Amino acid sequence: MSVLRKISMYSALIGFGGYFVLHQQLKKKYPDVPLYNLPDSTHIKSTFPPSNSKTYIAYCDTFKTTITTTASKAQIADSVLKWPTLQNLQTDGPSSTATGAITGEKVSRTSKPKYESVILKWNWAPSSHIVSTFEWLAGYGYPWRLMNGGYHEILVQQVGENTYDVYFVTAHEYNNLRDGKVIPGFMQALHKDFGRLVLHFGTQIK
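According to this note's numbering, the sequence shown is numbered sequentially starting from -1.
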């Protein structure tokens, strides 16, 4: 085995090992919250397509943390929304990101005395043809499909004096082709860790 190949192999092992440790830490700190355990103040379920739609929500991942801060509910939500990927989805109507591959919009923002909810929606731009490419491959036996897009909800709920439960909810929408094909498991794990990182860094507020 050449020296270059050994270096590449060891670098990959170190990189994977580092990610595995990070994944385990994030998973322990921000475990999955079942959709049925979400508080009544969540709005994301009302945005899901109906059962007879051409699209469906294949899975929904939710993560929660509790913080103590003198910031308001709106300030906490805005702190989470500052995550770069989410910033591109905060127009009041469909718009393209800088790359043109994704369109996003703010579906709603609801402010109540006890909670603050923001829902964002994103889709692959039709011009990218990325979804149709995976649909074509799946039609010939490829075991996975790509989501059309999805939804994010940031929910901040006051549970005590200067104490808040903060939820990050993410759901992926697929064409309803009734074959059960979605992205592979390792990609789902990466998307979950993305949500956990958004929640972790977005709630670093005093």
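Virtual Cβ for every residue (Gly too), placed ideally from N, Cα, C. Remember, predicted model here, so these are calculated numbers, not experimental data.
- request: With VAL196 as the anchor, note down where its alpha helix (DSSP H) starts and where it stops.
  value: Taking the sequence shown and counting its residues from 1, the one referred to as residue 196 is at position 198. Residues 183 to 200.
- prompt: In chain order, which beta strand (DSSP E) runs of at least 3 residues are fully inside the stretch 152 to 187?
  reply: Given a length threshold of 3 residues, each whole run of the beta strand (DSSP E) inside the stretch 152 to 187 is given here in chain order: 161 to 173.
- prompt: Just how far apart, CA to CA, sit LEU84 and THR68?
  reply: Indexing the sequence shown from 1 puts residue 84 at position 86. Indexing the sequence shown from 1 puts residue 68 at position 70. Straight-line Cα distance between these residues: approximately 24 Å.
message: For VAL196 and ASN50, I'd like the C-alpha separation in whole angstroms.
response: Walking along the sequence shown from the start, residue 196 turns up at place 198. Walking along the sequence shown from the start, residue 50 turns up at place 52. Straight-line Cα distance between these residues: approximately 32 Å.
field: First through last residue of the beta strand (DSSP E) which encompasses TRP122
entry: On the sequence shown, residue 122 is found 124 positions in, with the first residue counted as 1. Its beta strand (DSSP E) spans residues 113 to 122.
message: Does the stretch 123 to 137 come into contact with the stretch 150 to 161, if we say contact requires no fewer than three beta-carbon pairs (one atom in each stretch) closer than 8 Å?
response: Output reads no: the stretch 150 to 161 does not touch the stretch 123 to 137.
- prompt: By DSSP, does ILE65 sit in helix, in strand, or in coil?
  reply: Sequence index remark: in the sequence shown, residue 65 carries index 67 (1-based). In this structure, DSSP gives ILE65 an extended state, which the three-state scheme calls strand.
query: Measuring CB to CB, does SER77 end up less than 8 Å from ILE181?
result: Position 79 of the sequence shown, counted from the first residue, corresponds to residue 77. Position 183 of the sequence shown, counted from the first residue, corresponds to residue 181. No; because the gap between Cβ atoms is not below 8 Å, this pair is not in contact.
message: Along the chain, where does the beta strand (DSSP E) containing LYS104 start, and where does it finish?
response: Taking the first residue of the sequence shown as position 1, residue 104 is located at position 106. Taken as a continuous stretch (DSSP letters only), the beta strand (DSSP E) holding LYS104 covers 100 to 109.
query: Between THR66 and TYR165, is the Cβ-Cβ spacing less than 8 Å?
result: Residue mapping note: residue 66 aligns to position 68 of the sequence shown, counting from 1. Residue mapping note: residue 165 aligns to position 167 of the sequence shown, counting from 1. At the C-beta level, THR66 and TYR165 stay beyond 8 Å of one another.
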